[in-house]
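Here is the structure we will look at.
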Amino acid sequence: MFDLAVFGSLFLTLFVIMDPPGITPIFLALTSGRPARVQRRMAFQAVCVAFGVIALFGLFGNEILDYLHVSVPALMIAGGLLLLLIALDLLTGKTDEPKQTKDVNVALVPLGMPLLAGPGAIVSVILAVQKAGTVGSQISVWTAIVAIHVVLWVVMRYSLLIIRVIKDGGVVLVTRLAGMMLSAIAVQQIINGVTQVIQTA
Numbered sequence: 215m216f217d218l219a220v221f222g223s224l225f226l227t228l229f230v231i232m233d234p235p236g237i238t239p240i241f242l243a244l245t246s247g248r249p250a251r252v253q254r255r256m257a258f259q260a261v262c263v264a265f266g267v268i269a270l271f272g273l274f275g276n277e278i279l280d281y282l283h284v285s286v287p288a289l290m291i292a293g294g295l296l297l298l299l300i301a302l303d304l305l306t307g308k309t310d311e312p313k314q315t316k317d318v319n320v321a322l323v324p325l326g327m328p329l330l331a332g333p334g335a336i337v338s339v340i341l342a343v344q345k346a347g348t349v350g351s352q353i354s355v356w357t358a359i360v361a362i363h364v365v366l367w368v369v370m371r372y373s374l375l376i377i378r379v380i381k382d383g384g385v386v387l388v389t390r391l392a393g394m395m396l397s398a399i400a401v402q403q404i405i406n407g408v409t410q411v412i413q414t415a
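Using the numbering used here, read the sequence shown as starting at 215 and increasing by one per residue.
This is the structure in structure tokens:
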């Protein structure tokens, strides 16, 4: 029943796209200054949001995109622009939000989406679900989706130990580094989207 090849292929694909080690400095930058309890909750919330979005598109991805008349390249460009705005805030140090919404917003956007549940991960899941023609393949696909989200939660949950070591000065450095990484990811995502638009034109 369980197809190990399907599981391994999708898990590795999502691992590369969602990049749990690479999300660590961004997560630390976006959650710095908050109590450890709040940071742990935000890690869990971000993973839950990402899983919910991925699961939704896995089940109804094509129907949603067709109904909204949204193409995959347009989704990629929009996600890239959103990431670029967040990256600019990190680079300039403008990461504060209204106190009553700060914790929720960071966990939902950009951590949950589009960092974790970005266009690349969404498209990969849509294609994997479409190709899974048997019950065993479907089980393997959804097991891989759950497994990668567990890995993401563990990585973010225990990356909080790094803050205790690097202190405030290190957090500022990590914030700037995260901004540079995120801006590069955003620009590349926009370029990929524009390239696909040109190729299909």
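Yeah, the Cβ is synthetic: ideal placement off N, Cα and C, and Gly gets one too.
Rounded C-alpha distance that separates residue i from residue j
| i | j | result |
| --- | --- | --- |
| Arg255 | Met215 | 36 Å |
| Val364 | Thr414 | 36 Å |
| Phe271 | Phe241 | 24 Å |
| Val349 | Gly222 | 16 Å |
| Ala250 | Leu374 | 8 Å |
| Gly247 | Gly384 | 12 Å |
| Ala219 | Leu244 | 36 Å |
| Leu366 | Leu330 | 9 Å |
| Ile268 | Ile362 | 11 Å |
| Val360 | Phe265 | 8 Å |
| Val343 | Gln352 | 7 Å |
For residue j and residue i, believed in contact at Cβ under 8 Å, the rounded distance
| i | j | result |
| --- | --- | --- |
| Ser397 | Leu296 | Not quite, the Cβ-Cβ distance comes to about 12 Å (not below 8 Å), so this is no contact. |
| Ala358 | Phe274 | About 19 Å separates the two Cβ atoms, so there is no contact after all. |
| Arg371 | Ala257 | 5 Å |
| Ser346 | Val339 | Note on identity: in this sequence residue 346 is Ala, with Ser being the wrong assignment. Not confirmed; about 11 Å, so no contact. |
| Val369 | Pro239 | About 11 Å; that fails the 8 Å criterion. |
Cβ pair count under 8 Å reaching 3, the segment 224-233 against the segment 334-349 | yes
May I have a chain-ordered list of the beta strand (DSSP E) segments no shorter than 3 residues that lie completely inside the segment 360-388?
-> none
Decide if the segment 377-387 is in contact with the segment 283-294; the criterion is three or more beta carbon pairs, one per stretch, under 8 Å apart.
-> no
Ignoring anything shorter than 3 residues or poking outside the segment 256-321, list the beta strand (DSSP E) runs there in chain order.
-> none
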